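Engineer: Dropping a structure here in structure tokens format, bear with me for questions.
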Amino acid sequence: TGAVSRWHRIGDDATLRERYAPRFAAAEPYRLRTPSRRRVYEGFATRCDESVAAAVLRALDAEVGADSRGAAGPDSEETRVRTYAVGAREGALDRTLRRACEDAGLGSPSTFTRIKRLLREAELIETVSEPQPVGRPRERLAARGALAAAETAEETVAAVRGVTG
1 TGAVSRWHRI GDDATLRERY APRFAAAEPY RLRTPSRRRV YEGFATRCDE SVAAAVLRAL
61 DAEVGADSRG AAGPDSEETR VRTYAVGARE GALDRTLRRA CEDAGLGSPS TFTRIKRLLR
121 EAELIETVSE PQPVGRPRER LAARGALAAA ETAEETVAAV RGVTG
């Protein structure tokens with residue numbers, strides 16, 4: 001059977017790298033958004049509620065000036081700041097928000113201690129103690145300044161721009 005096959009076994013075509021190297025070099029950089037939108041939505045919908053989950057996705061999708069990253073969205077640090085800022089805008093309990101962020105795969109509780117500190121230092125959030133009949137008081141997050149004035153996802157993102165340095 002002297003027919004020439006167009007199919008090659010993996011590793012059988014010595015010219016493969018040569019043919020695709022220029023295409024690869026010329027391609028636009030692309031990065032997958034991780035975690036997925038579904039995981040983020042479910043993490044926040046379960047711990048907070050669906051309105052907070054939807055607000056988080058809107059903030060992650062918002063493209064504002066230099067923060068615009070194309071199809072992949074914001075980097076992981078910007079994602080964390082945006083989600084925590086949304087939680088503060090929505091008046092979430094600090095512990096609940098941290099757990100939602102962890103469930104969504106955005107980082108550990110200690111990661112969000114740092115994010116909270118950054119937002120506090122920028123005077124964009126504060127915590128309000130809610131006394132409990134037994135145990136330590138709960139801390140509810142509250143937005144301040146430009147974050148409190150933000151009415152849209154784009155304004156929320158603009159308010160936290162530059163927080164990560």
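Heads up: the sequence shown begins at 1 in my numbering, then just goes up one per residue. Note that the Cβ used here is the ideal one computed from N, Cα and C, for glycine as well. Bear in mind that the values here come from a model prediction, so they are computed numbers and not experimental data.
Closest to Ala-62 by C-alpha separation, out of Pro-22, Arg-120, Thr-164 and Ala-158, would be which residue?
Structural biologist: Looking at the Cα atoms, Ala-158 is the closest of the given residues.
Engineer: So, for Thr-15: in the same chain, excluding its five sequence neighbours on each side, which residues have a beta-carbon less than 8 Å away from its beta-carbon?
Structural biologist: So no residue of the chain qualifies.
Engineer: So, helix, strand or coil for Ser-129, using DSSP?
Structural biologist: It is a strand residue.
Engineer: So Arg-99 and Arg-138 are supposed to be a Cβ contact under 8 Å. How far apart are they, rounded?
Structural biologist: Actually they do not touch by this definition, with Cβ atoms about 13 Å apart.
Engineer: Could you check what DSSP says for Glu-102 in three-state terms: helix, strand or coil?
Structural biologist: Residue state, collapsed to three classes: helix.
Engineer: State the Cα-Cα distance for the pair Ala-153 and Glu-18, rounded to the nearest angstrom.
Structural biologist: Cα-Cα distance, rounded: 45 Å.
Engineer: At the level of alpha carbons, what is the spacing between Arg-38 and Arg-82?
Structural biologist: Approximately 17 Å between the Cα atoms of the pair.
Engineer: Suppose the cutoff is 6 Å on Cβ atoms and the five residues either side in sequence are ignored; what does the same chain contact list for Gly-43 look like?
Structural biologist: The residues are Ala-100, Asp-103 and Ala-104.
Engineer: From what residue to what residue does the alpha helix (DSSP H) around Ala-62 run?
Structural biologist: Ala-62 -> no alpha helix (DSSP H), and no H or E assigned at all.
Engineer: Put Ala-150 into one of helix, strand or coil per three-state DSSP.
Structural biologist: Three-state DSSP puts Ala-150 in coil, outside helix and strand.
Engineer: Go to Arg-89, then tell me how far its alpha helix (DSSP H) extends in each direction, as first and last residue.
Structural biologist: Looking at the DSSP string, the run of the alpha helix (DSSP H) that includes Arg-89 is 76-89.
Engineer: Go through its chain and collect everything with a Cβ distance to Val-56's Cβ below 7 Å, but skip five positions before and after it.
Structural biologist: Answer for Val-56: Val-40, Phe-44, Thr-83 and Val-86, listed in chain order.
Engineer: Give me the Cα-Cα distance between Tyr-20 and Glu-28, rounded to the nearest whole angstrom.
Structural biologist: If you take the alpha carbons of Tyr-20 and Glu-28, they lie about 14 Å apart.
Engineer: Whose C-alpha, out of Glu-155, Ala-142 and Glu-50, is nearest the C-alpha of Ala-59?
Structural biologist: Among Glu-155, Ala-142 and Glu-50, the Cα nearest to that of Ala-59 belongs to Glu-155.
Engineer: With 16 as the cutoff for other CB atoms within 10 Å, does Arg-89 come out buried or exposed?
Structural biologist: It is buried - the Cβ of Arg-89 has at least 16 other Cβ atoms within 10 Å.
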